[in-house]
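So the protein sequences, as listed, match chains X, W and D. Numbering follows the numbering used here, in which position 415 of the first sequence is assigned residue number 767; successive positions increment by one, without gaps. Numbering follows the numbering used here, in which position 121 of the second sequence is assigned residue number 160; successive positions increment by one, without gaps. Numbering follows the numbering used here, in which position 48 of the third sequence is assigned residue number 53; successive positions increment by one, without gaps. In what follows, a structure is listed as structure tokens, so that the remarks can point back to it.
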Amino acid sequence: MAASFLLILFFGKRVGTRATAGIGIGAVSICLVLSVGVAAQWIDRVNHPPEGAELVEQTNAAYGETPEDARYEVEAVTTESGETVESQGEGTEGGTEGTDHSEEGAAVTGAAPGESAAALPAAGTEVAAAAEGEGGHGGESESVPPVVNTVTWFTIGGVDFEFGTLVDGLSAMMLITVSIISLLVHIYSTEYLRGDERFTHYYAFLSLFTASMLFYVLGSNTLQMLVGWELVGLCSFALIGHWWEEKKNSDAALKAFLTNRVGDMGLIIGVVITFFAAGASSFNVLHINSYALSGAANATLLLVGSLCLFAGVTSKSGQFPLHTWLPDAMAGPTPVSALIHAATMVVAGVYLIARLYAVFFSGLSIGSSTFHYVAFIGGFTTVMGGLLAFVQTDIKKVLAYSTISQLGYMVMALGVGAWTAGVFHLFTHAFFKACLFLGAGSVSHACHHTFDMREMGGLRKYMPSTHITFAIATLALAGIVPFAGFWSKDEILAGAANGQENAYTIMLVFGLITAFLTAAYMGRAYWMTFWGEYRGHGTPHESPKVMTIPLWILAAAAVVLGFTNFPGSFFGLELPEGWTTRFEHYVEPTFAFPPIEHAEFTPWLAILSTILAVGGLLAAYAYYERNLGPHGLTRHSRLASGGYTFLENKYYLDTLYSDIIAADTKGPLARAAYWFNQNVLDGIIDGSAAVARKVSGFVYRDVDQLIVDGAVNGSGFVSEGSGQLLRRIQTGKVQQYAAILFSGVVVLAGVLVFVV
Amino acid sequence: MLALLVAQNIAFYVIAAVMVVAAIRVVTATNLVHAALWLVMVLSGVAAQYILLAAEFVAITQVLVYVGAIVVLFLFGIMLTRAKTGRDEDLDNPLPAKIGAGAIGVLLFGVMAYSLWDAWRGDEFGDMVVQRTGQVSDAIFSTYLVPFEVISVLLLAALIGAIVLARRD
Amino acid sequence: MLVNQFLFLGAILFCIGVYGVLARRNGVLVLMSIELILNAVNINLIAFGAMWSASDAGPNLSGQVFALFVIAVAAAEVGVGLALVLLIYRNRQSIAVDDVDLLKG
Chain X
353 MAASFLLILF FGKRVGTRAT AGIGIGAVSI CLVLSVGVAA QWIDRVNHPP
403 EGAELVEQTN AAYGETPEDA RYEVEAVTTE SGETVESQGE GTEGGTEGTD
453 HSEEGAAVTG AAPGESAAAL PAAGTEVAAA AEGEGGHGGE SESVPPVVNT
503 VTWFTIGGVD FEFGTLVDGL SAMMLITVSI ISLLVHIYST EYLRGDERFT
553 HYYAFLSLFT ASMLFYVLGS NTLQMLVGWE LVGLCSFALI GHWWEEKKNS
603 DAALKAFLTN RVGDMGLIIG VVITFFAAGA SSFNVLHINS YALSGAANAT
653 LLLVGSLCLF AGVTSKSGQF PLHTWLPDAM AGPTPVSALI HAATMVVAGV
703 YLIARLYAVF FSGLSIGSST FHYVAFIGGF TTVMGGLLAF VQTDIKKVLA
753 YSTISQLGYM VMALGVGAWT AGVFHLFTHA FFKACLFLGA GSVSHACHHT
803 FDMREMGGLR KYMPSTHITF AIATLALAGI VPFAGFWSKD EILAGAANGQ
853 ENAYTIMLVF GLITAFLTAA YMGRAYWMTF WGEYRGHGTP HESPKVMTIP
903 LWILAAAAVV LGFTNFPGSF FGLELPEGWT TRFEHYVEPT FAFPPIEHAE
953 FTPWLAILST ILAVGGLLAA YAYYERNLGP HGLTRHSRLA SGGYTFLENK
1003 YYLDTLYSDI IAADTKGPLA RAAYWFNQNV LDGIIDGSAA VARKVSGFVY
1053 RDVDQLIVDG AVNGSGFVSE GSGQLLRRIQ TGKVQQYAAI LFSGVVVLAG
1103 VLVFVV
Chain W
40 MLALLVAQNI AFYVIAAVMV VAAIRVVTAT NLVHAALWLV MVLSGVAAQY
90 ILLAAEFVAI TQVLVYVGAI VVLFLFGIML TRAKTGRDED LDNPLPAKIG
140 AGAIGVLLFG VMAYSLWDAW RGDEFGDMVV QRTGQVSDAI FSTYLVPFEV
190 ISVLLLAALI GAIVLARRD
Chain D
6 MLVNQFLFLG AILFCIGVYG VLARRNGVLV LMSIELILNA VNINLIAFGA
56 MWSASDAGPN LSGQVFALFV IAVAAAEVGV GLALVLLIYR NRQSIAVDDV
106 DLLKG
């Protein structure tokens, strides 16, 4: 992907838009196929975990081999510190897990040169590092150690700074998600951005974004994850501000970047703290996790570290209070919103928690408490996002707040210990949210590039594909059985209800409220957009196939994917074990992972949430379509209108941030700096200049002119004067010389006679 | 003996007085030829003094060379340079120069007189031994041979030099 | 006779000669004054020679020999000197030594 980025960046303008898109799409497809290969390999590995003898015996032919080599063998050596390693073989066949993901016929086969199974960062060579395989815990399988390949970049003071890949179920899952959605977005963008003047630039950044997201996901140590994190932030900035001619777009991009920066401080501190918590020895993720679990780590350090890391998550994954950038980020092109702010970048934070779960689990004592910061923030975010989605008129903003709300779900899930539920929700959410976003893009494409729902309406007659896919995705988001959202959301609620050892009751309440709200606002959006009469200009038309086919694919995914984690017993329906909880089986780490309880399927909770969801949809239908209910409430009731204004101004958070905090800091600071500059610095400079002038003047006048010149002139004058005087003796007259001679004789004689 | 000495003394003083007067006239005469003639008188007086000092050969040589040749040479020079005959006012330097010269002369005499008196206050000659000419020639051609040769070369050089210088070319 | 008589005589002649050298403007007269000086020196030499001879050291002719040499040198010197004067006269039509000051600085 990085190669694709560089290619497009440098050659895109020349080869033209079609070829650029072709490069981008081609590269993503390669990555997709490789990701599928990785997933297949991983599944295979889980099913047949390597035995101890096998681990020890095979040799690695890949020492120092470049990624160009197609295949290397497997080896692991047991040592006494934490990680196993195997370098893995190249996937040469596209193993299929979900064949509906295999793409257009241009899919390149796995003998793709230059890319190993994990889209490596451009500079990585692979060297196997050795470690041991620990006995596992939990789950129905034995411990399956993830595959780690690292190369040590440099070593300072005994600490290795590595650079490598870590492949396990979680990263395989992320790889597939990112690749698929990126691919679909690439295809969609060919039509959406047709005729845009910075087409190639856009594709370049899409490629870079995908590259950095994959880099991030495959990171084997926290430093690498940090690099990927920052890179995706940068790409987000570039892509949001794609149409930077309008100030509000560039402002939104800046807001996104700066808000993320605020959180990144916490992230960096957190990385450092986890390094020290893990015995100040390594940044390696598995090492940190094992250390956190082993109890040898300082509990306070773990707590502080996880809170700092969570600060980073707060900004990147749009938790309260650093979520304010997400709605504004909708200023970017819609495919960007779909890719970055629905499916991939914003889940970077969730991924962070999932990856370093041992740290969070031990630090926050997830297993044994009923309330802690992470879960609370997640829960609060869900409710808050859901409330805000009601007052938006821009369809993309509705979806943005919906994303915030769903991210809150994921964080809350991780917070209460339902790891699989959170990650599964991440997986499904990516698909149906991307579908929703792309659908919104399609809608605006038809309505002459407006996103205002008040100007839409009745579009179901004109845009059937978009309508149906949007409807499916809405149902999935609302959590109606049997769509994907139901399964994942329900697992979260079950997790909150049953908890680890204690139930997280408040979180459960939050979750249920939000289930209702989600259905309600999505219903509102759906009905305003697709039903009623068309309120805009001109005649809308269906979008071209290039845009609708990705929609269909995603909608299909939204339907199907829920079944990958079919619970063990569903209202008494018992399926054979090979069919149930597949997702959890393959994705949940069994190595260096805290012991978490898995909530069983809770029937009453499922029914309750379904009722709430359906009720929400019906309420929206009634309110907006049939105009029942308390319309005009905001005009009549001061409380209602006040609440509406409060919501409309996004809880005045933006005001707080930019006007109060930033301005109050930067105003006095700027003034103080200016004063300092003018008076102190300039004073010093002027003063020294004045002193220098005086000194030099003195030196010039007194020392140089007077003394030095005086001495020089004086000596010249003296010699000349004495010469002038002595000249008079030379008269040329011999008698005078004789006179002088004789008088000299007289003197000399006198001296000799009288004195001596 | 005593009579001889007295006679020598008287002779000495008389000749000395004449010499001094003549010398003064040499340096103050306004007539060039007169100055030359006064010089002759001085040189003759010197020869007489030599006799008194029992240096016969030197005295004769003095007369021959000095009076006979050198003064003649002077006269030739006077003649060849068309010196003004008769009174010539132009012979002396201006007065300040003369005073300076006089001062120097006086001072010099003072110093010398003092030193002479201080050194040989009342020394007498004792018995004067007359040196024969033969003895002089012996001395010249034995002890002082080299200076003698040098002198001859010097005279040669002077001769040639004078001729070269004074040639009318 | 005192030695000093002759020496004083020599001194007087010498000083007069010095006066003449410095006070006379005519070149020939300067040369004559130089002759005076030389003769004064001669007197001294002869006097000392006689003194030496008359003393216990035995007959010694150094004084006279020296005086002879001085005479010879004087002769040479006068010859050259007059040649010079002649040359000056030829070039300048005047033998005032005052006027020969081309080396004036």
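We put the beta carbon where it would ideally sit given N, CA and C, even for glycine.
Nearest-angstrom Cα distance between residue i and residue j?
| i | j | result |
| --- | --- | --- |
| X:Tyr725 | X:Ile1037 | 52 Å |
| X:Gly447 | X:Ser387 | Residue placement at X:Gly447 cannot be trusted, given a pLDDT of 28 that sits under 50; the coordinates are not used to answer. |
| X:Asn1031 | X:Phe1050 | 27 Å |
| W:Thr69 | D:Ala55 | 37 Å |
| X:Asp421 | X:Leu661 | With a pLDDT of 28 at X:Asp421, under the threshold of 50, the modelled position of that residue is not reliable, and the figure given next carries that caveat. Roughly 37 Å separates the two Cα atoms. |
| W:Met58 | W:Val102 | 15 Å |
| X:Ala1022 | X:Arg613 | 21 Å |
| X:Leu654 | X:Val861 | 28 Å |
| D:Val105 | W:Val81 | 29 Å |
| X:Glu484 | X:Trp505 | Because the pLDDT at X:Glu484 is just 26, under 50, the model does not fix this residue reliably, and the value given afterwards should be weighed accordingly. Their backbone Cα atoms lie some 22 Å apart in a straight line. |
| X:Ser840 | X:Tyr540 | 27 Å |
| X:Val303 | X:Leu1093 | Only positions 353 to 1108 of chain X appear in this structure, which leaves residue 303 of chain X out of reach. |
| W:Glu128 | D:Asn9 | 38 Å |
| X:Cys799 | X:Gly618 | 42 Å |
| D:Ala28 | W:Ala178 | 39 Å |
| W:Phe51 | W:Ala142 | 28 Å |
| X:Ala611 | X:Ile620 | One detail in the question is off: residue 611 of chain X reads as Thr in this sequence, not Ala. Distance between the alpha carbons of X:Thr611 and X:Ile620 is about 15 Å. |
| X:Leu659 | X:Trp677 | 21 Å |
| X:Ser817 | X:Val795 | 11 Å |
| X:His675 | X:Val656 | 22 Å |
| X:Asp804 | X:Phe742 | 14 Å |
| X:His538 | X:Met736 | 32 Å |
Compare the Cα-Cα distances from residue i to each of the options and report the closest residue.
| i | options | result |
| --- | --- | --- |
| X:Thr652 | X:Ala629, X:Asn641, X:Ser669 and X:Ala663 | X:Ala629 |
| X:Trp596 | X:Ala681, X:Thr562 and X:Ala910 | X:Ala681 |
| X:Trp708 | X:Ser794, X:Ala830 and X:Gly767 | A quick correction: the sequence has Leu, not Trp, at residue 708 of chain X. For X:Leu708, the nearest C-alpha among the options comes from X:Gly767. |
| D:Ile51 | D:Phe19, D:Asn96, D:Val70 and D:Ala28 | D:Val70 |
| X:Asp616 | X:Gly670, X:Ala871, X:Gln1076 and X:Gly760 | X:Gly670 |
| W:Ala201 | W:Val72, W:Val106 and W:Gly116 | W:Gly116 |
| X:Gly863 | X:Ile824, X:Ala965 and X:His800 | X:Ala965 |
| W:Ile109 | D:Gly32, D:Leu36 and D:Leu27 | D:Leu36 |
| D:Asn47 | W:Ala86, W:Trp77, W:Val79 and W:Gly107 | W:Ala86 |
| X:Thr802 | X:Asn641, X:Pro685, X:Tyr568 and X:Gly509 | X:Pro685 |
| X:Leu691 | X:Glu582, X:Gly547 and X:His781 | X:His781 |
| X:Leu545 | X:Met899, X:Leu586, X:Leu906 and X:Tyr1026 | X:Met899 |
| X:Phe561 | X:Ser689, X:Phe1069, X:Phe1106 and X:Leu704 | X:Ser689 |
| X:Leu957 | X:Thr1083, X:Val1070 and X:Phe838 | X:Phe838 |
| X:Arg550 | X:Leu518, X:Leu578 and X:Leu591 | X:Leu591 |
Compute the minimum distance between the beta carbon of residue i and the heavy atoms of the ligand NAD, and state whether it is under 7 Å.
| i | result |
| --- | --- |
| W:Met58 | Among the components modelled here there is no ligand, and therefore nothing to report on the ligand NAD. |
*For the region 93-106 of chain D, which residues have a beta carbon sitting closer than 9 Å to at least one beta carbon of chain X?*
Val102, Asp103, Asp104, Val105 and Asp106
*Mind checking the region 1067-1095 of chain X against chain D and listing, in chain order, the residues whose C-beta falls within less than 7 Å of any C-beta there?*
Arg1079, Gln1082, Thr1083, Gly1084, Lys1085, Val1086, Gln1087, Ala1090, Ala1091 and Phe1094
_the region 37-53 of chain D / the region 15-25 of chain D touching (three or more Cβ pairs under 8 Å)_ = yes
*Closer than 7 Å, Cβ to Cβ, to anything on chain D: give me those residues from the region 176-190 of chain W, in chain order.*
Ala178, Ile179, Tyr183, Pro186 and Ile190
_Short of 9 Å Cβ to Cβ, which residues in the region 9-39 of chain D face chain X?_
Val23, Val26, Leu27, Ala28, Arg29, Arg30 and Val35
*With 9 Å as the limit, tell me which residues of the region 137-167 of chain W have their beta carbon closer than that to any beta carbon of chain X; keep them in chain order.*
Gly139, Ala140, Ala142, Ile143, Gly144, Leu146, Leu147, Gly149, Val150, Met151, Tyr153, Ser154 and Asp157
*Positions along the region 74-106 of chain W whose CB lies within less than 8 Å of some CB in chain D*: Ala74, Ala75, Leu78, Val81, Leu82, Val85, Gln88, Tyr89, Leu91, Leu92, Ala93, Ala94, Phe96, Val97, Thr100, Gln101, Val104 and Tyr105
*asked:* Does the contact criterion of 3 or more C-beta pairs under 8 Å hold for the region 94-101 of chain W versus the region 165-172 of chain W?
replied: yes
*Are at least three pairs of beta-carbons, each pair with one atom in the region 185-204 of chain W and one in the region 66-80 of chain D, less than 8 Å apart?*
yes
_Taking beta-carbon pairs under 8 Å, can you tell me which members of the region 55-83 of chain D lie near chain W?_
Ala55, Met56, Ser58, Ala59, Ser60, Pro64, Leu66, Ser67, Gly68, Gln69, Val70, Ala72, Leu73, Phe74, Ile76, Ala77, Val78, Ala79, Ala80, Ala81, Glu82 and Val83
*asked:* Measuring CB atoms only, is the region 773-786 of chain X touching the region 743-759 of chain X, in the sense that at least three cross pairs come out at less than 8 Å?
replied: yes
*Segment contact flag, the region 522-529 of chain X with the region 695-712 of chain X, C-beta cutoff 8 Å, min 3 pairs*: yes
*How do the region 568-585 of chain X and the region 512-523 of chain X stand: do at least 3 beta-carbon pairs fall below 8 Å, yes or no?*
yes
*Please go through the region 1036-1101 of chain X and give each complete alpha helix (DSSP H) segment of 4 or more residues, from N-terminal end onward.*
1061-1079
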